[in-house]
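Down below is the structure, laid out as structure tokens.
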Amino acid sequence: MERALILVAALAGCANTDANTDANANADADANANADANANADANANADADADAEADGGAAVARCAPLGPPSTGAIVVSTVPALRDAISKAPEGAEIVLEDGVYDVGSSIAVSGKKGLTIRGRPGRRDAVVLRGTGARVGCPDNRVGFFLDASPNVTISELTITDMQCHAIQVQGTGVTNLRVHRVTMLDAGQQLFKASAKITAYSDDGIVECSTVGYTTTVVPAGNTYSQGIDIHSGARWKIRDNIVKNVRSTLPGGEVVAGSISLWNGSFDSIVERNVVIDCWQGIQLGGNSTASSPDTVRTGGFQHTGGIVRNNLIVRARDFGVQLARSKGARVFHNTVWTPGYSNSIETRAQGDVKGAPHWIGNNLMSGVVGLRDGDGPANVVVVNDLTAPADWFVDAAGGDFHLVTKAKAIDAALPLDAAELFDDLDGKARPGGNANDVGAYER
124 MERALILVAA LAGCANTDAN TDANANADAD ANANADANAN ADANANADAD ADAEADGGAA
184 VARCAPLGPP STGAIVVSTV PALRDAISKA PEGAEIVLED GVYDVGSSIA VSGKKGLTIR
244 GRPGRRDAVV LRGTGARVGC PDNRVGFFLD ASPNVTISEL TITDMQCHAI QVQGTGVTNL
304 RVHRVTMLDA GQQLFKASAK ITAYSDDGIV ECSTVGYTTT VVPAGNTYSQ GIDIHSGARW
364 KIRDNIVKNV RSTLPGGEVV AGSISLWNGS FDSIVERNVV IDCWQGIQLG GNSTASSPDT
424 VRTGGFQHTG GIVRNNLIVR ARDFGVQLAR SKGARVFHNT VWTPGYSNSI ETRAQGDVKG
484 APHWIGNNLM SGVVGLRDGD GPANVVVVND LTAPADWFVD AAGGDFHLVT KAKAIDAALP
544 LDAAELFDDL DGKARPGGNA NDVGAYER
């Protein structure tokens with residue numbers, strides 16, 4: 124079965140599955156004392172990898188495979204105090220492994236001044252390692268996040284779930300947190316942005332990766348009264364990669380009421396971001412490079428006052444956004460191609476908003492498959508946005524648009540209809556399938 128079909132179908136039952144995570148994790152915690160627990164973890168890791176292999180294309184499996192077994196010298200912890208102590212004492216390159224269980228987190232877990240640290244569960248056990256906060260609600264004090272990272276390059280966080288944090292699941296402060304890797308992490312039900320990376324004066328969080336993770340809301344959505352929330356939110360970041368994730372239910376509690384921001388947002392002076400092969404479903408807004416507010420120095424000092432410069436958005440599926448699917452706002456020089464965007468309630472499936480002085484670097488938007496159109500707003504036009512070969516698709520071009528299967532059927536006019544692109548830009552489609560190249564590529568996120 125194809126990867127994205129499984130992802131979208133799974134989301135229909137996501138709330139119940141995720142709501143039961145804590146109960147399952149409690150049962151797992153009771154088993155930690157047994158000698159068989161670690162052996163079972165290895166078996167479960169293999170089962171998890173097999174399930175991923177069934178769901179994904181071959182290339183996608185390799186990208187999203189669980190980490191290997193812990194190293195011989197790994198530090199194993201099973202309580203929050205032990206985790207805090209292990210982090211504070213960790214030497215460069217240390218690996219900390221959390222045993223299965225529920226970890227009640229009353230205040231932020233600080234990672235400060237650590238190099239090359241890995242914090243992880245066992246392979247394939249991210250649903251069984253649950254860091255649980257005090258509950259999502261309006262108000263965001265610094266001491267109410269899951270992990271708070273500062274001055275810590277080359278950190279990896281993997282194979283665990285972070286849920287019910289008052290503020291963020293993971294917050295990255297822009298003081299030397301470079302080359303962060305968040306891999307196979309579930310981040311759910313936070314009071315504000317689930318993952319946030321920010322700048323601090325002229326210090327930045329650059330070259331990070333968030334991949335193969337699930338981000339969003341389960342039985343609840345963004346708390347009432349909170350209009351400042353996103354799934355993944357990067358401020359003033361260079362060269363971030365956001366790939367192979369599911370982002371779901373980032374939307375308001377009030378029908379027609381409060382607007383929340385982009386589900387994946389890179390803005391406030393970010394540049395050269397790559398956002399690819401993500402599934403964004405039932406969110407208020409989709410993927411956003413740049414922002415609609417005017418940023419002030421020092422946020423945009425590296426981008427000449429633009430909210431975002433450069434960047435690629437490709438091979439993503441955005442379904443049922445209330446607002447835009449992809450937006451480029453007060454930004455320049457982005458390339459948006461081979462996305463499938465289904466926004467039946469909003470005409471601008473992809474839109475741009477005023478860039479001002481583009482300085483010879485227009486956006487390029489092409490080979491996208493949409494329910495709506497590409498909309499140019501706030502004075503944008505052909506001088507600063509190139510729009511070419513984007514197709515508006517009826518529902519019958521897809522296997523089952525209402526059910527979430529956006530693979531193409533034989534009669535779809537998107538088949539072999541894409542403009543040729545440089546091979547270095549194409550990469551795999553959303554299923555992990557290599558595109559054939561030349562004149563044989565299909566428009567949208569999927570190759571038939």
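In this text, residue positions in the sequence shown follow our numbering: the first is 124, and each later residue adds one. In this text, a Cβ means the ideal position worked out from N, Cα and C, and glycines have one as well.
Is the CB-CB distance between residue i and residue j below 8 angstroms?
i	j	result
ILE369	VAL333	no
ARG453	GLY495	no
GLY392	ARG425	yes
SER386	GLY409	yes
ARG260	GLY339	no
VAL566	ASN490	yes
VAL508	HIS530	no
VAL200	SER231	no
ARG476	ASN438	no
ASP395	GLY434	yes
GLN296	SER321	yes
PRO367	CYS335	The sequence given here has Asp at residue 367, not Pro. Yes, the pair counts as a contact, with Cβ atoms nearer than the cut-off.
ARG249	VAL308	yes
LYS237	ALA213	yes
ALA540	GLY560	no
LEU542	ASN512	yes
PRO193	GLU218	yes
Pop quiz: residue i and residue j are said to be a contact at Cβ under 8 angstroms. What is the actual Cβ separation, rounded to whole angstroms?
i	j	result
LEU412	ALA457	5 angstroms
VAL373	VAL398	Not a contact, Cβ separation roughly 15 angstroms.
GLY299	ALA326	7 angstroms
TRP407	ASP446	6 angstroms
SER459	ILE488	Note on residue identity: the sequence assigns Val, not Ser, to residue 459. The pair is a contact, with the Cβ atoms about 5 angstroms apart (cut-off 8 angstroms).
ALA197	VAL220	5 angstroms
ASP223	ALA251	4 angstroms
THR463	LEU440	5 angstroms
MET310	LEU303	Rounded, the Cβ-Cβ distance is 14 angstroms, inconsistent with contact.
Looking only at its chain, what residues have a beta carbon closer than 6 angstroms to the beta carbon of residue i, apart from the 5 residues adjacent to it on each side?
i	result
TRP465	VAL442 and SER494
GLU570	ASP552, LYS556 and ARG558
ALA384	GLN353
PHE271	SER231, ALA233 and GLN294
THR301	PRO276, ASP329 and ASP330
THR337	THR309 and ILE369
GLY216	GLY239
With a threshold of 7 angstroms (Cβ to nearest heavy atom), would residue i be considered close to the ligand NAD?
i	result
LEU311	Absence of the ligand NAD is noted for the structure shown, with no ligands found whatsoever.
Can you list, in chain order, the residues of its chain with a C-beta nearer than 7 angstroms to that of residue i? Leave out the 5 residues immediately preceding and following it.
i	result
ALA172	In this prediction, ALA172 has a pLDDT of 34, which is less than 50 and means its spatial position is unreliable; what the coordinates show is noted afterwards. Result list for ALA172: ALA188, PRO189 and GLY247, in chain order.
ASN266	SER230 and SER231
ASP165	Confidence is the limiting factor: at ASP165 the pLDDT is only 37, short of 50, which leaves the residue's position unreliable and the question unanswerable from this model.
LYS323	GLN296, GLY297 and THR298
ALA209	ILE198, VAL200 and ILE219
If you drop the 5 nearest sequence neighbours on each side, which residues of the same chain put their C-beta closer than 8 angstroms to that of residue i?
i	result
ALA537	LEU492, LEU514, ALA516, TRP520, LEU531, ASP565, VAL566 and GLY567
ASP501	ARG476 and ALA477
TRP363	ALA320, ASP329, ASP330, GLY331, ILE332, VAL333, ILE357, LEU389, SER393, SER396 and ILE397
LYS534	ASP519 and TRP520
ALA525	ALA518
GLU474	PHE447, VAL449, GLN450, LEU451, VAL497, GLY498, LEU499 and ARG500
ALA563	ASP539
ASP503	THR475, ARG476, ALA477 and GLN478
VAL510	ILE488, GLY489, VAL497 and LEU499
CYS263	GLN289, CYS290, HIS291, GLY314 and GLN315
Does residue i have its Cβ less than 8 angstroms from a Cβ in chain B?
i	result
ASN438	In summary, chain B is missing from the structure at hand, where a single protein chain is found.
Check your understanding: Counting Cβ pairs closer than 8 angstroms, one from the segment 253-263 and one from the segment 271-280, do we hit at least three?
Key -> no
Check your understanding: Which runs of the beta strand (DSSP E) fall wholly inside the segment 294-332 and span at least 3 residues, in chain order?
Key -> Counting whole runs of 3 or more residues, the segment 294-332 contains the beta strand (DSSP E) stretches 304-311 and 318-320.
Practice item. List in chain order: all unbroken alpha helix (DSSP H) runs of 4+ residues lying wholly within the segment 424-503. Key: If we require 4 residues or more, the segment 424-503 turns out to have no alpha helix (DSSP H) run fully inside it.
Exercise for review: Determine, using beta-carbon pairs with one atom in the segment 236-245 and one in the segment 280-288, whether at least three such pairs fall under 8 angstroms.
Suggested key: yes
Exercise for review: May I have a chain-ordered list of the beta strand (DSSP E) segments no shorter than 3 residues that lie completely inside the segment 242-302?
Suggested key: 252-255, 270-273, 279-286 and 293-295
**Study point:** Ranges of the alpha helix (DSSP H) found wholly within the segment 511-567, counting only runs of at least 4
**Key:** 546-549
Point to revise | Any beta strand (DSSP E) of 3 or more consecutive residues that is wholly inside the segment 367-415 | key: 369-371, 387-390, 397-399, 402-404 and 410-413
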